[in-house]
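Contents: one structure, followed by commentary.
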Amino acid sequence: MSWETVIGLEIHVQLSTNSKLFSGGSTGFGAEPNTHVDLIDMGLPGVLPVANREAFYKAIRFGLATNAEINQTSSFDRKNYFYPDLPKGYQITQMAMPIVGKGFIKIDVDGSEKIINITRAHLEEDAGKSIHDLFDGETGVDLNRAGTPLLEIVSEPEISNAKEAVAYFKAVRQLVTFLDICDGNMAQGSMRCDVNVSIKKQEDEKLGTRAEIKNINSFKFIERAINFEIERQIRIIESGESVVQETRLYDSVKNETRSMRSKEEANDYRYFPCPDLLPVVISDNEFNDIKNNLPELPDEKEKRYISEANLEEAEAKIISSSKTMANMFEDACSKTDDSKLVANWLVGDVSALLNKDNIDIEESKLSSNNFATLIERISDKTISGKIAKSVLEEVWESGHDVDNIIKDKGLVQIQDESVLEEIAQKIINDNPSQVGAYKGGKDKLFGFFVGQVMKETQGKANPKSVNDILKNLLDS
Amino acid sequence: MDKKTVTTIAYLSRIALDEDNEDKITTDLENIIKFVDQLDNANVDGVEPLTNPLEKKAQTREDKVTAENRKEIFLDRSPKSNEDYFLVPRVVE
Amino acid sequence: MSIQYKSIKDLNNMLLNKEISYKELISETFALIESKKNLNAFITLNKDAAIEKAVLLDRKKNKSILAGIPIAQKDLFCTKDLRTTCGSNMLSTFIPPYSATVISNLENAGCISVGKTNMDEFAMGSSNETSFYGNVENPWGTNLVPGGSSGGSASAVASGIVPAATGTDTGGSIRQPASLCGITGLKPTYGRISRWGMIAFASSLDQAGPMARTAEDCGILLNEMCSHDIKDTTSLNEHIPDFTENINQPIKGMKIGIVKEFDLSKLDNEVVKVFEESKKYYESLGAEFIEISLPNISLSVPTYYVVAPAECSSNLSRFDGVKFGKRCENPKNLEDLYIRTRSEGFGDEVKRRILIGSYVLSAGFYDAYYKKAQQVRRLIKNDFDEAFLKVDVLMSPTTRGAAFEAGSKGSDPIQMYLEDLFTIPANLAGLPALSIPNGFVDSKPIGLQLIGNFLEESKLLQFAHSFQQITDFHLKTPSGENI
């Protein structure tokens, strides 16, 4: 019995606007509970929503980047249900006329490319947060998040396995970060997804009953949840039962999906057009403005790095794959002509540190500013490459300022040739037998002298100068 | 209108039906629906629904934070809360 | 000098001529309120703040016509830090942290809000019999209803306590009580007055409006109530004229449409007689009458009773006991919290409409009811658009009859719904309409309705004012004196 899996993803992307979709409440993360709540976010009697233009602009960028139909006129509907963190008892969303229609995105699974079609992407408001574990017998409601703009991206059910699902999710994340419409911070909940999974026999045309696993926010969990669910559905069908169409939650501790306890009647959302919101029309001028100012996407950056910055394809690919790293590369390149230097550091030392700690560049303590300064100090020869490595490690651990570290640890490279000459001469004077041996043909001993000078200067001597000076002194 | 329909609508609206009012409500609803069934007579082929009498496009806002922090007032004037959160009976998912 | 039954213009003259001080005016208003407690027109009074404001005005040089004028505010408008109940148990403890735009507009123009008036619960009703705070009495007869939902406002103006009040009109809730209480009430074009702070019943139908003793006073209030509000995207961004500027212009040669499909033969003889006499008055002013057909108008009431409940069922979902308003005692769990809070907090009529609303929006019924109703709504609007190519205003009785006895409409909700037969169409189309007193039936006042084209409130007021120049129905008072 060969089973086929059919998967569709609904990804909720929190748009990086300053204020909420329908109010002037702040969208900033991590604030004290209930401090970013506007009258409108509270759903107080008598309040009315006013749409945030910027949310539309960001949604349109997504549509343009996915070759999608864009509906310059779009409208809002109400989705009615009761939940403590849904203040109005309805969510304002776009059912009938979403801002973005059909499009597609390319994904890369183990080297091969696949196209996943996107059914639609629409704007809707996020709910607040219900905190279940802080109080005995009670749930606390924090409305800070209520009203934050979300772009819900719905894929066609064209994903065939967990790996593809993760690749798709990663592709969407890369796209939204490059488009500057979302910060891509999964730990903070900037992107969450619901996964629809069903299975069918290869020869069947009809799709199986699907289960929806809600609210997953990590690549690892998406993969595990899908694999668990596939197994679960196979077991059910093979035992002669049917899969129930329902909503499930993924429990990452037990690595299983669980049915959410909810009455079936609760699923009638009674959608209807929101009478408080007239249709939003994005003018041709606004649309063209967005189109002409679309941020550079990974493919474009990769090509540009190869042609303009002289990078190899492999390096260009790595650097352009993450918006943070690409920004870091571009910022640092403004401090030096040597783009290869910058690339080497990113692809080499920085990537090694990322691998060692198993984190993404966004999670590191290395800021773009700091990295640019490091490159600048190498370029202007304030510090040597070797010293720079130790500075980088220090920054990595502490996040401290590069210049402060250089100053505090007295790491400034010694460039003054007369100083170096003096030291070199001293080493030569102190080691007559090695001088003799070297002059007698043991060329390898040159390294010894270099080493001694470096030791004497605590590694701060400019290596090239040391080489030149020693050559001069020893070979004369 | 069958009992299941009435019970479902009542649940969707979070309104209780008890022995006292269930029959009266069911009768009222039936009568009202019968009354509005007059709409069946209308010929609406090709007619766009009118959601709002103003046939114009929405005005939108600039993306600026304009809200003040009114946490204390909101929590003080709520039915139940502590210094930080609105409180409801424990929700089990 | 008694302030009872005085109009805004009268009071303004008295104040400017120093026949009465601002403080005296307000004190006397509260004395009147107290002496007419039996009307139950008010839910919450604003005495201290009102007197304070009056005292300040006594010290200032005041120019504006509304400065110091006592106004009663329907308890559907949020008033900052002053309890706002919407006539419901659900909001019996609700203290809004902000004020409605229309309240701010009036107060900035100098008006003094003396209190919040009683109303049908959440604006659902046509007799002010559904309020949690008790029925309101019609000053024209103890057992008579004042109409609804702005019953308290109508009663307060009709009894002469205040010269004017604010009301709201979703299916006739300003015009119908104005008719039953013998005063003038106007519902402007949808979008003229901001809905920010106006507790929503049916968002695409609700409009605030003035209720006063004369058309001119309504115009004076309307000038201040209207504004373009960026906090309400359904608020019009059209030029706001001085609505009283052309009020004295003659209406000679203008055309009045009589709607064929409003079959007046079904009404009481006396009511028809009053209506026919009004037509004669208008003829004497030089107006021409034209028969107009609004082919879809007979579907107005069923359309309304799909659209309004649908919108209200959603608008009232926010009343869940979680963040504001009442909560039931000791909820066992979340479901219990919701169900008991809402079942205890809402009255029967509100529950009925929420249930109907949920039904017509539910899966499987949406197309047959809600979508269909919105399509019929467009047909009704189109009919009006056609009509206004031929006439300046449309005219009809406001109500089917005069005030009825409290409790007499029995327990059949549909009987009550048919009260709004003449008034509902203007809400569906978003058009301005008003009611002026035009006679008496069994010694009880009734009203004449005028419906105008989009944005033509000035023209409506002109027609109304012309009528009030040659008749004295609007000057009659329940106490028998003419004012």
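Those sequence lines, one after another, are chains A, B and C.
No gaps in the numbering here: position 94 of the first sequence is 849 in our numbering, and each next residue is one more.
No gaps in the numbering here: position 38 of the second sequence is 48 in our numbering, and each next residue is one more.
No gaps in the numbering here: position 477 of the third sequence is 483 in our numbering, and each next residue is one more.
Note that beta-carbon positions come from the ideal geometry of N, C-alpha and C, so glycine has one too.
Everything numeric in this text was worked out from a predicted model, so none of it was measured.
- When beta bridges are read from the DSSP output, Ser119 (chain C) appears opposite C:Ile77.
- Per DSSP, Gly178 (chain C) lies in no alpha helix (DSSP H) segment and is marked neither H nor E.
- Between Gly173 (chain C) and chain A, the shortest Cβ-Cβ separation is not below 8 angstroms.
- Those residues of the segment 361-395 of chain C placed with their C-beta closer than 8 angstroms to a C-beta in chain A are Ser364, Leu367, Ser368, Ala369, Tyr372, Tyr376, ordered along the chain.
- The C-alpha of Asn1125 (chain A) is placed about 21 angstroms away from the C-alpha of Glu1070 (chain A).
- Between Ala412 (chain C) and Asn141 (chain C), the C-beta gap is smaller than 8 angstroms, which places the two residues in contact.
- With distances taken between CA atoms, Ser241 (chain C) lies nearest to B:Leu64 out of B:Asp86, B:Leu64, B:Ala52.
- The segment 259-340 of chain C is shown to contain whole alpha helix (DSSP H) runs of 4 or more residues at 275-290, 306-321, in chain order.
- Ranked by how close their Cα comes to the Cα of Glu282 (chain C), the residues C:Asp81, C:Lys69, C:Gln455 have C:Gln455 in first place.
- Under a 10 Å Cβ-count criterion, Gly783 (chain A) is classified as exposed, with fewer than 16 other Cβ atoms of the shown protein chains found around its own Cβ.
- In this structure, DSSP gives Cys1088 (chain A) a helical state, which the three-state scheme calls helix.
- Under the rule that a run must span 4 or more residues, the alpha helix (DSSP H) segments found entirely inside the segment 168-242 of chain C read 181-187, 221-231.
- Contact of Asn53 (chain B) with chain A is not assigned, every C-beta pair being separated by 8 angstroms or more.
- Restricting attention to alpha helix (DSSP H) runs no shorter than 4 residues, the segment 1103-1168 of chain A encloses them at 1106-1112, 1123-1134, 1140-1153, 1157-1163, ordered along the chain.
- Just so you know, the alpha carbons of Leu49 (chain B) and Arg359 (chain C) end up roughly 18 angstroms apart.
- A distance of 8 angstroms or more separates the beta carbons of Gly939 (chain A) and Val950 (chain A).
- For a cut-off of 8 angstroms, the C-beta gap from Ala806 (chain A) to Thr76 (chain B) is around 14 angstroms, too long to register as a contact.
- Legend: CB atoms of the segment 38-64 of chain B lying less than 7 angstroms from CB atoms of chain A belong to residues Thr61, Asn62, Leu64.
- By the neighbour-count criterion, in which 16 or more other beta carbons inside 10 Å mark a residue as buried, Leu1032 (chain A) falls on the buried side.
- Thr821 (chain A) has its alpha-carbon roughly 20 angstroms from the corresponding atom of Ser1038 (chain A).
- If you look at Ser1062 (chain A), you'll find it in the alpha helix (DSSP H) that goes 1053-1063.
- Counting the other CB atoms within 10 Å of its CB gives Ile226 (chain C) a total of 16 or more, which places it among the buried residues.
- Membership of Met1015 (chain A) in any alpha helix (DSSP H) is not indicated, and neither H nor E is assigned to it by DSSP.
- Contact between the segment 1153-1165 of chain A and the segment 1181-1201 of chain A is absent, with fewer than three C-beta pairs closer than 8 angstroms.
- Those residues of the segment 808-821 of chain A placed with their C-beta closer than 7 angstroms to a C-beta in chain B are Arg808, Glu809, ordered along the chain.
- Contact check for Ser364 (chain C) and Ser319 (chain C): beta-carbon distance about 5 angstroms, within the 8 angstroms limit, so the pair qualifies.
- For Arg816 (chain A), the three-state secondary structure derived from DSSP is helix.
- For Gly147 (chain C), the three-state secondary structure derived from DSSP is strand.
- The DSSP-derived three-state label of Gln769 (chain A) is strand.
- Close to chain A, meaning a Cβ-Cβ distance shorter than 8 angstroms, are the following residues of the segment 103-125 of chain C: Pro103, Tyr104, Ala106.
- For Tyr104 (chain C), there is no enclosing alpha helix (DSSP H), as DSSP marks it with neither H nor E.
- Ranked by Cα distance from Leu291 (chain C), the first of C:Pro256, C:Glu317, C:Ser110, C:Pro103 is C:Pro256.
- According to the DSSP assignment, His471 (chain C) belongs to no beta strand (DSSP E) but to the alpha helix (DSSP H) extending over 463-476.
- One alpha carbon belongs to Asn18 (chain C), the other to Ile57 (chain C), and they sit about 17 angstroms apart.
- For Gln1000 (chain A), the CB contacts under 6 angstroms within the same chain, skipping 5 residues up- and downstream, are Thr964 in chain order.
- Ile457 (chain C) is outside the set of residues whose beta carbon lies under 8 angstroms from a beta carbon in chain B.
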